[in-house]
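Residue numbers for the sequence shown follow my numbering, so the first one is 9 and each next one is one higher.
Here a beta-carbon is modelled for each residue, glycine too, at the ideal position from N, C-alpha and C.
As the structure is a computational prediction, the values presented were derived from the model and not from experiment.
Notes follow the structure.
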Amino acid sequence: MVKKFIITIDTEGDGQWNPDAPCSTENARFIPRFQELAEKFGFKPTWLTNYEMAEDPFYIEYMTDCLRRDTCEIGMHLHAWNNPPEYPLKKVNDQRDYLFEYPENIMDEKIRVITEKLENTFSTKMLSHRSGRWSTDDTYFKLLKKYGYKYDCSVTPFMNWEICVGSTGKPGSDYSNCPTKPYEIYDGIMEVPVSVRPMKYIATDAMRSIYGIAHELKWSNRIRYAWLRPTKNPSFIALKKVLDIVSNDSDYAMFMLHSSEMMPGGSPSFPDEKSIEELYECIEKLFAYAKQKGYMGCKLSDYQVED
9 MVKKFIITID
19 TEGDGQWNPD
29 APCSTENARF
39 IPRFQELAEK
49 FGFKPTWLTN
59 YEMAEDPFYI
69 EYMTDCLRRD
79 TCEIGMHLHA
89 WNNPPEYPLK
99 KVNDQRDYLF
109 EYPENIMDEK
119 IRVITEKLEN
129 TFSTKMLSHR
139 SGRWSTDDTY
149 FKLLKKYGYK
159 YDCSVTPFMN
169 WEICVGSTGK
179 PGSDYSNCPT
189 KPYEIYDGIM
199 EVPVSVRPMK
209 YIATDAMRSI
219 YGIAHELKWS
229 NRIRYAWLRP
239 TKNPSFIALK
249 KVLDIVSNDS
259 DYAMFMLHSS
269 EMMPGGSPSF
279 PDEKSIEELY
289 ECIEKLFAYA
299 KQKGYMGCKL
309 SDYQVED
């Protein structure tokens with residue numbers, strides 16, 4: 009059985025961790041480095057693209073060439089708070105909107121607008137999707153089916169996002185009891201969950217600072233839900249352990265990252281060039297290890313469950 013390495017990138021504007029930040033797309037200029045690294049190992053990222061990125065001329069030109077060479081996939085990522093059309097919600101806080109906080113007809117319009125935008129811009133059918141802020145419900149999936157989506161990767165097993173409320177106070181989605189393996193989440197839509205696994209470990213290579221040392225010591229004897237995703241003080245040891253577990257119980261591994269995390273200062277986790285270099289050192293080690301274990305690159309929309 010050939011194991012698939014699926015790379016999913018939430019491709020979105022800058023300043024996503026700051027609700028007051030202006031909507032800019034400078035991080036698009038830092039995407040080629042990641043794409044080229046993925047290509048080096050034969051991997052094909054799925055760039056889950058939101059509205060503002062689909063308007064960035066650099067991103068459009070670069071990704072059009074990647075699509076021509078069949079080295080990536082463009083999918084859809086919807087940020088309800090700045091995806092047209094606008095609609096006034098009765099907000100009770102400064103949190104970002106969930107799509108399911110809107111009336112169904114507005115949800116429909118937002119999905120239609122971004123889908124048509126992406127399909128017209130990149131001349132390719134949209135098949136893959138990830139929601140903004142990991143939020144889904146049956147109405148959302150019904151509308152995704154209406155617009156022809158076949159794959160979703162919004163589910164994060166073991167994670168409960170209900171504590172993360174939307175702008176109207178509505179809680180997020182609870183995936184704590186969801187499967188770790190692919191399944192039909194809605195008629196005609198396959199859910200391919202993010203690779204998250206519970207485990208105990210201590211990442212000695214993350215102990216590069218007082219923060220890193222304190223963090224690892226705090227968690228050294230606790231169960232933590234580890235993602236195949238580098239975060240602050242990125243650790244190849246941690247990612248390697250996740251991949252080892254995933255490779256024993258699944259025919260795919262799903263890596264995820266945000267495009268803004270590829271830019272110095274684009275996220276709290278990677279505030280400067282030094283942290284970006286540490287990030288890429290970690291990612292390159294992971295990609296090399298995945299290749300060594302026999303993983304083959306796979307776009308999300310090319311994934312098929314093997315018997």
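Item	Value
Distance, Thr123 Cα to Ser131 Cα	11 Å
Where Ser162 falls: helix, strand or coil (DSSP)	coil
contact_flag[the segment 138-156, the segment 65-75] where n(CB pairs < 8 Å) is 3 or more	no
Check whether Ser175 and Arg120 have beta carbons under 8 Å apart	no
N-terminal and C-terminal residue of the beta strand (DSSP E) that Val204 is part of	Val204 to Met207
C-beta atoms of Leu45 and Ile291 nearer than 8 Å	yes
Pro276 vs Trp25 beta-carbon contact at 8 Å	yes
DSSP beta-bridge partners of Leu86	Ser139
Per-residue burial, Ala62 [other beta carbons within 10 Å of its own, 16 or more giving buried]	buried
Under the three-state DSSP convention, the category Arg232 falls into	strand
Identified DSSP bridge partners for Ala261	Phe13
Complete alpha helix (DSSP H) runs within the segment 90-154 (minimum length 4 residues, chain order)	112-130 and 146-154
C-beta atoms of Leu56 and Gly23 nearer than 8 Å	no
Arg41 burial status per 10 Å Cβ neighbour count (16 or more: buried)	exposed
Opposing strand residues paired with Ser275 [DSSP bridges]	Phe278
CB of Pro238 within 8 Å of CB of Pro201, strictly	no
The segment 300-315 contacting the segment 141-151, beta-carbon criterion three pairs below 8 Å	no
Neighbourhood of Lys133 by C-beta distance below 7 Å, restricted to the same chain and skipping five residues each side	Glu127 and Gly156
Bridge partners - Leu56, DSSP secondary structure assignment	Asp18 and Gly83
Spatial neighbours of Lys153 in its chain, beta-carbon cut-off 7 Å, leaving aside the 5 residues before and after	Tyr194, Asp195, Gly196 and Ile197
Element boundaries [beta strand (DSSP E), containing Tyr303]	Neither: Tyr303 is in no beta strand (DSSP E) and is coded neither H nor E.
DSSP-derived helix/strand/coil call for Ile171	coil
Buried versus exposed, by CB contacts within 10 Å (16 or more), Asp18	buried
Identity of the residue in Asp102, His266, Tyr233 and Asp259 nearest Val250 by Cα	Tyr233
Coil, strand or helix - Asp310 by DSSP	helix
Pro27 and Asp102 closer than 8 Å at C-beta	yes
Spatial neighbours of Glu170 in its chain, beta-carbon cut-off 6 Å, leaving aside the 5 residues before and after	Pro179, Gly180 and Asp182
Helix, strand or coil at Tyr191 according to DSSP, with G and I counted as helix	strand
Span separating the alpha-carbon of Ala296 from that of Glu289	11 Å
Cβ separation of Asn326 and Met270, assumed to be a contact under 8 Å, to the nearest whole Å	Because the chain is modelled from 9 through 315, residue 326 falls outside the range shown and cannot be assessed.
Range of the contiguous beta strand (DSSP E) that encloses Glu199	Ile197 to Glu199
Where the alpha helix (DSSP H) containing Thr72 begins and where it ends	Pro65 to Arg76
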